[in-house]
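*Asks:*
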Amino acid sequence: MNPIDIAVFVILIAGFIWGFSKGFIYMIFSLLAIIAGVFASGKLAPLIMPYIFGDQPSQVGYIVIFIVVFIVIYFIVKKLTYLILDVVEFLELEWLDSLLGGVIGLAQFLIIAGVLVNLAQGTGLLQLIPQDNEIKFAYVVSATSRNVIDFIAGNIGQVKI
């Protein structure tokens, strides 16, 4: 393996270790907390604005309300996370939580590593490496990352198997 393939492999192992240490529930609910916070802020901020600022539209006021609602929703979802983690601990399923967290961490870092390889390839940085014709694993990760991103984005027709 050449240095680029080794670096990509190390990134993927780091992703698995990171996800394994955090656990599936923590990682999923962290993402859910952000999504719920943004969604609720976008829906609730316009409804709250008239009660605080009356008929005077205020960009700064909207931003402040958006941030406050986001923080409140984020912390509510995070508290729910800790409740669910207590249930998992009670049921003695921490091993499954950690293992699935490792898979999620690996998937996240696979996407990140693939994007980095795509950027390096697109900018010509990979061609500067003397052994660029020996790179194999990094290109597989890059192609897999592109397929995952296309799948998530809804471009299922572009996914190559």
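If you use my numbering, the sequence shown corresponds to residues 1120 to 1280, in order.
Idealized CB from N, CA, C, for every residue including glycine.
#1: To the nearest angstrom, how far is the alpha carbon of residue 1172 from that of residue 1180?
#2: Give the secondary structure of residue 1131 by DSSP, where H, G and I count as helix, E and B as strand, and everything else as coil.
#3: Kindly give me the distance between the Cβ atoms of residue 1236 and residue 1260, rounded to whole angstroms, as I take these residues to be in contact under 8 Å.
#4: Using CA coordinates, which residue listed in 1165, 1263, 1143 is at the minimum distance from residue 1216?
#5: In chain order, which continuous runs of the alpha helix (DSSP H) of length 4 or greater are located wholly inside the region 1123-1196?
#6: What's the gap between the Cα of residue 1227 and the Cα of residue 1154?
#7: Given this structure, state the Cα-to-Cα distance separating residue 1201 from residue 1213, to the nearest angstrom.
*Replies:* Working from what's here:
#1: Sequence index remark: in the sequence shown, residue 1172 carries index 53 (1-based). Sequence index remark: in the sequence shown, residue 1180 carries index 61 (1-based). Answer to the nearest angstrom: the Cα atoms are 8 Å apart.
#2: Your numbering for residue 1131 matches position 12 in the sequence shown. Taken through DSSP and simplified to helix, strand or coil, residue 1131 comes out as helix.
#3: Position 117 of the sequence shown, counted from the start, is the residue given in the question as residue 1236. Position 141 of the sequence shown, counted from the start, is the residue given in the question as residue 1260. Residue 1260 and residue 1236 do touch by the CB rule: their CB atoms are close to 6 Å apart, below 8 Å.
#4: Here residue 1216 refers to the residue found at position 97 when the sequence shown is read from its first residue. Of the residues 1165, 1263, 1143, the one whose Cα lies closest to the Cα of residue 1216 is 1143.
#5: With a minimum length of 4 residues, the continuous alpha helix (DSSP H) runs that stay inside the region 1123-1196 are 1143-1172.
#6: As a first step, residue 1227 must be located in the sequence shown, where it is residue number 108. As a first step, residue 1154 must be located in the sequence shown, where it is residue number 35. Approximately 16 Å between the Cα atoms of the pair.
#7: For the purposes of this step, residue 1201 is identified with residue 82 of the sequence shown, where counting begins at 1. For the purposes of this step, residue 1213 is identified with residue 94 of the sequence shown, where counting begins at 1. Those two C-alpha atoms are separated by around 13 Å.
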